[in-house]
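Numbering (this note's numbering), first residue to last: 224 to 598.
The next block holds one structure in the form of structure tokens; read it before the comments.
Here it is in structure tokens:
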């Protein structure tokens with residue numbers, strides 16, 4: 224473990240401001256709103272705030288208040304926040320972000336999870352937190368090479384927890400984190416006490432009648448899945464390097480690429496991203512992608528899972544698993560139960576894809592409830 228501190232050179236911040244000021248903006252097509260992408264008028268306002276109102280140093284300092292390290296596992300550099308709890312018998316917990324996420328996604332839950340006594344909770348619910356940047360994301364760079372799929376990442380994370388000396392631990396993840404977390408449990412079942420997931424993607428198996436059997440909320444979620452605009456997924460999974468040139472060279476391009484995802488995945492769906500998540504928190508994530516130049520490397524996991532990985536026989540999970548479903552999730556319960564050993568299920572009824580930033584309180588409560596049963 225090598226101590227690490229984020230310290231972006233002033234020249235990089237000056238370059239970002241200069242590029243934003245010199246952006247070439249496309250014309251808006253009248254009357255189409257968000258239906259064909261991010262409106263130029265809206266993005267110009269957000270870009271102007273990024274350039275003149277957002278203070279990277281403030282948010283860099285917020286991240287640096289937590290101990291950070293770099294380590295190398297399977298030839299891959301791994302960056303992590305490691306936040307031990309003041310409670311000596313706390314449960315170790317691995318927190319995994321998704322795309323377009325970063326370790327900054329979890330800033331609002333670090334205090335309540337690691338120090339419940341200091342946040343009005345039960346000290347028995349305390350966690351020692353390990354929050355890595357997924358390989359290819361943020362400061363976990365450079366990507367070691369092709370083949371960094373979810374299985375390989377899961378193995379790296381299991382090794383990370385062993386390297387930190389944690390013999391028994393839990394895992395929470397959303398988005399890609401919810402895809403990787405169960406694989407950590409599969410690979411390290413004797414050490415993983417439980418897996419907690421949000422924004423879990425479930426897919427049909429192709430069995431006869433499984434779509435017709437859906438009822439109520441599950442049928443609505445299936446319809447949302449059918450209506451979903453997966454343009455970004457197709458770009459990331461087919462040509463991540465090509466789209467990466469534009470995103471790495473243009474901060475406005477990187478901003479548009481990510482703001483569209485926040486617009487489509489936050490609750491309410493007819494609001495703006497900043498109605499659900501503080502705009503500066505969103506811009507901290509965007510800034511990390513920009514300042515680390517990881518637009519292409521972070522997208523490689525899509526290629527590895529959708530284009531490079533051969534289909535394998537399904538192996539139902541055996542590690543106890545809890546699922547928290549937000550109002551905007553497309554998680555379908557029968558399919559989740561087919562693939563995972565579900566022992567805990569919560570329907571939140573509100574919130575979107577990014578619960579750690581949108582509704583951190585209910586997320587913390589559900590993580591505590593699930594792992595309380597695993598102790």
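All C-beta atoms, glycine included, are put in the ideal place defined by N, C-alpha and C.
Only residues of its own chain outside the window of five on either side were considered, and among them 257, 261, 495, 496 have a CB closer than 8 Å to the CB of residue 486, listed in chain order. Inclusion of residue 354 and residue 304 in the CB contact set at 7 Å is warranted, their separation being smaller than that value.
For residue 300 against residue 382, the beta-carbon gap comes to about 13 Å, at or over 8 Å, which does not count as contact. Bridge pairing for residue 570: 548 [DSSP].
One alpha carbon belongs to residue 242, the other to residue 512, and they sit about 15 Å apart.
A check of alpha carbon separations from residue 555 across 425, 436, 433 identifies 425 as the nearest. Taking 7 Å as the cut-off, the beta carbon of residue 532 is found closer than this to the beta carbon of residue 372. About 5 Å separates the beta carbon of residue 579 from that of residue 332, a gap short enough to meet the 8 Å contact definition. If you check the CB distance, residue 325 and residue 575 do not come in under 7 Å. Every beta strand (DSSP E) of 3 residues or more that sits fully in the region 395-452 is shown, in chain order, as 415-421. Secondary structure at residue 353: strand, using DSSP grouped into helix, strand and coil.
Nearest C-alpha to residue 319 among 478, 435, 591, 397: 397.
If you draw a 10 Å sphere on the C-beta of residue 461, you find fewer than 16 other C-beta atoms in it, and that means exposed. In terms of CA proximity to residue 479, 268 leads the group 431, 268, 394. With 16 or more neighbouring CB atoms inside 10 Å of its own CB, residue 525 falls in the buried class. The distance from the Cβ of residue 350 to that of residue 401 is about 18 Å, inconsistent with a contact at the 8 Å cut-off. Judged by their CB atoms, residue 377 and residue 410 are nearer to each other than the 7 Å cut-off. Following the DSSP letters along the chain, one finds residue 577 in no beta strand (DSSP E), marked with neither H nor E. CA-to-CA, the gap between residue 471 and residue 510 works out to about 11 Å.
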